[in-house]
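Residue numbers (my numbering), protein chains in the order written: chain A, 1 to 258; chain B, 259 to 711.
Read the structure below first, then the notes.
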C-alpha cells in the first residue's frame, strides 16, 4: 500500500529525514518510535503533505501513485489520514458541520451520495460510540475548549467517520491520562481492518500495550536505526534510546534498508 | 476648521453649489409642506443651523481621520419627500417568520402604514414619530426624549437628520409589557432617483420592566446611488430589557451613516448586535450611556467589507454610575480592497466603582490589500473597577488550512469555513432564529460560498 524509498526531507533548509525506507501493507500496524528530534513527527507530516516541509530526495508510492505529487487534501481524499499531535481549533464551526463537510467531500470524490444533516447525524451517532463521545461534542466548535484528551478522541472520531485506508497517528498518546489512552487506543483498534493500515508515531512504548504493532521501526537522526516486532518496543522501554544512538554512531551504519 | 476646508473644496470647482445651500432649499420647502409644532420647528431650525456650520465631517476631525466623505460631500443630494415615498412601489419586502405581524416598513425615511403589519403589536405603541409629536397621548414623552441622546450640536450628520425630521418610527413599550414577537423596523431605500438622501429616525422608549426584541434592517430595492442618514434613540427605564439587532445591507452604491444612542436606566439591560454588510461607505456611531446603577449592556458587531467597501464603527460606552457592566465584541472580515475602522472608547467616570467593562475587536484580513485601523481605548477615573480591552488583526494561518486539508477539505473551501467560523461568534448570539439564518446566508453570500447547514 505504501512504499517509502530513500526519503529525504527537511524544513527551512535543515535536513531532518536522511533516507527513510519503509514498506507498509494492508492490514498492518507499524509503530515509528524514536527519541525527540529523530524525525518521526516530520515523517508523519511529510506523508500528510505539510507545506512547510520540503522533500529533497526519494519517493513515496501510495497504491502505486506518487503520493508526493498530491496536494494535502487530495491525499486525504485518496484515503490518507493524519491524527494531529496538537489538533487545531476551529471556532464557530460545529463538530457536526465540520465532519459532515469532510465526509461529503470524500463521498463526492468517490462518486457516492452526500448525506443531509439528518442522515449524517445518525452516522455520526454510530461512529461516536467508537471513542465514547456524547452528543454534546457534536454541537460544540471543533476542538474549541476541548481538553487534551477530548481533542485526541475527536481526532479518532474523525478517523472513524472518514475511514481512511492509511492512518498516521502522530503522538496520539501525548498528554493523555490512562483512561483517555484506553479509550483512544480502543477506538483505533475498533477501526483496524484487513484493508487498512495504521502508522503509530510515538515516543513511549505505553500506547503499544493497547495498539499492538506488527512492526516497530526506531528512528534516530533521520534514519531507521533498528527494526523489529513488538518486542523491540519493550526493549526500548527498558533500555531507553541511548544505546540505539550509541550503536548507530559506533557502527557508522547509515541506514538499515529492509 | 472643516468649514474652511469645505469652502476651499467648493472654490476649486466653480459653478458647484455648496451642498449645505442645496440642503437649505429643501429645508425651506419642508418647513412649508410639513409644518411642525413650535418646539419641533425650533429643534429643526437649530439642527439646520448646526449642519450649515458643521457640514459633512472632514478627515481633519480626529473621529473621521480614516473615513473620507469628501467625494460624497460634493454630491448634490436631494432629500426624499413624503410624496416620493408614498409613490414608491415596494414589493417583496423581506420579512421574517417571527415578524410577519410585527413589521414596520419605512420607505425613504417615511413610515408606510399600508406596508406595515402591526397585529402583534397591540400591547405597545408603534406609530409615525412625527405624528406622535402631534398626538396628545405621546407628545409629552416624545418631547422629553427625541433629539436628547443623539446629539446634533456636534455632529453634522445627526444635525442633518434632525433638521429633516418629518416622519420616522416611535415605539413605546409600556410598563411591565414583555413583548413576545420581535419588532422589525425595515428601512427601504427605493433607489430609483439618483442621489436621494433619506433620514430614517427611530425613537424607542421602554418603560419600567418592559422587554422586547427589536430588529432594524436597512436595504435597498433599486440601483441608483443614494445616501441614508439614520438616527436611532433608545431609552430604557428602570428594569427594562431590549435586544437590538441592526442589520445594514444597503446597496453597494450607497453611503450609509447611522447613529445609535442608548440611555440605560437603573438595572436595565441593553444587548446590541450590529451587522454591517452593505453600502459602499458606511459609518455607524453607537453610544451607550450607563447613567444609573446596575445597568448592563452588550455592544457587539460584525462588519464585512469586500471589493471597494469601507466600514467604520465608532463606539462610546460611558459608565457614569457604579455597578454597571459592559461587554463588547466587534469582529471584522476584510477582503479585496476592503477597509474598516473600529474605534471604541470606554469611559469609567469618577465614582463609577465596581464597573466591569470588557472590549474586544478582532479582525481577519483575507487579502493583502485589505486594511483595518483599530483603536480600542479605555479612560478610567475610578479605582475599583475591572476593565480589559484588546484588538487583534490576523490572517488565516497555514496550519489551520493544513488541518482542514488533511480531512479532505481543499484550501479554498477551508478558507471559507474558517472565515465563516470567525463570523459565527457574533452571528451565533442572534436569538431570533430566522434573522440569524438570514444573516448567516447574507454572510455566506458575501463570502461567495455555500456551506453546510
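Heads up, the beta-carbon is just placed ideally off N, CA and C, and yes, glycines get one too.
Keep in mind it's a predicted model, so treat the numbers as computed, not measured.
Asked	Found
CB contact check: residue 105 of chain A to chain B, cutoff 8 Å	yes
Reference residue 163 of chain A, options A/179, A/134, A/150, A/198, closest by Cα	A/198
Residue(s) in a DSSP beta bridge with residue 30 of chain A	A/199, A/215
Residue 448 of chain B classed as buried or exposed, judged by whether at least 16 other C-beta atoms fall within 10 angstroms	buried
Residue 267 of chain B - DSSP class collapsed to helix/strand/coil	Here residue 267 of chain B scores only 42 on pLDDT, less than 50, and its place in the model should not be relied on; the value that follows carries that caveat. Helix at residue 267 of chain B.
Alpha helix (DSSP H) segment containing residue 661 of chain B, residue limits	656-663
Straight-line gap, residue 7 of chain A to residue 676 of chain B (C-alpha atoms, nearest Å)	33 Å
Under 8 Å (Cβ pairs) to chain B, residues found in the region 88-103 of chain A	88, 90, 91, 92, 93, 97, 98, 100, 101, 102
is_contact[residue 51 of chain A, chain B] using C-beta, thresh 8 Å	yes
Exposure of residue 291 of chain B, with buried meaning 16 or more beta-carbon neighbours within 10 Å	exposed
Bounding residues of the beta strand (DSSP E) (the contiguous stretch that carries residue 342 of chain B)	Taken as a continuous stretch (DSSP letters only), residue 342 of chain B belongs to no beta strand (DSSP E), being part of the alpha helix (DSSP H) at 340-345.
Three-state secondary structure assigned by DSSP to residue 281 of chain B	helix
CA-to-CA distance, residue 694 of chain B to residue 626 of chain B, given in whole angstroms	30 Å
DSSP three-state assignment for residue 414 of chain B, whether helix, strand or coil	helix
Minimum C-alpha distance to residue 77 of chain A - residue among A/9, A/133, A/87, A/107	A/107
Closer than 8 Å to chain B by CB, residue 1 of chain A	no
is_contact[residue 657 of chain B, chain A] using C-beta, thresh 8 Å	yes
Selection from A/235, A/116, A/129, A/3 that minimises the alpha carbon distance to residue 183 of chain A	A/129
Short CB-CB distance (under 8 Å) between residue 699 of chain B and chain A	no
Proximal residues to residue 598 of chain B (C-beta, below 6 Å), its chain only, five neighbours per side dropped	561, 563, 569, 590, 592, 630
DSSP beta-bridge partners of residue 473 of chain B	B/442, B/503
Partners in chain B for residue 138 of chain A, counting only beta-carbon separations shorter than 9 Å	By Cβ distance, chain B contributes nothing, its closest Cβ being about 13 Å from residue 138 of chain A, past 9 Å.
Min CB distance residue 665 of chain B to chain A below 8 Å	yes
Selected residue, minimal CA-CA separation from residue 317 of chain B, among B/307, B/309, B/329	B/329
Among A/203, A/126, A/119, A/99, nearest to residue 155 of chain A - alpha-carbon criterion	A/99
Stretch-stretch touch, CB-based, cutoff 8 Å, three pairs: the region 513-520 of chain B with the region 480-495 of chain B	yes
Beta-carbon spacing of residue 152 of chain A, residue 176 of chain A below 8 Å	yes
Buried versus exposed call for residue 117 of chain A [16 or more other C-beta atoms within 10 Å across all chains shown]	exposed
Buried versus exposed, by CB contacts within 10 Å (16 or more), residue 24 of chain A	buried
Integer Cβ distance of residue 469 of chain B from residue 436 of chain B, believed to fall under 8 Å	5 Å
Which listed residue (B/586, B/614, B/601, B/588) has its alpha carbon closest to that of residue 580 of chain B	B/614
Residue-chain proximity (residue 551 of chain B, chain A), Cβ-Cβ < 8 Å	no
Option in B/565, B/550, B/542 with minimal Cα separation from residue 557 of chain B	B/542
Cβ neighbours of residue 399 of chain B in the same chain (closer than 8 Å, five flanking residues each side left out)	430, 463
Min CB distance residue 447 of chain B to chain A below 8 Å	no
Buried or exposed by the 16-neighbour rule on C-beta atoms within 10 Å, applied to residue 72 of chain A	buried
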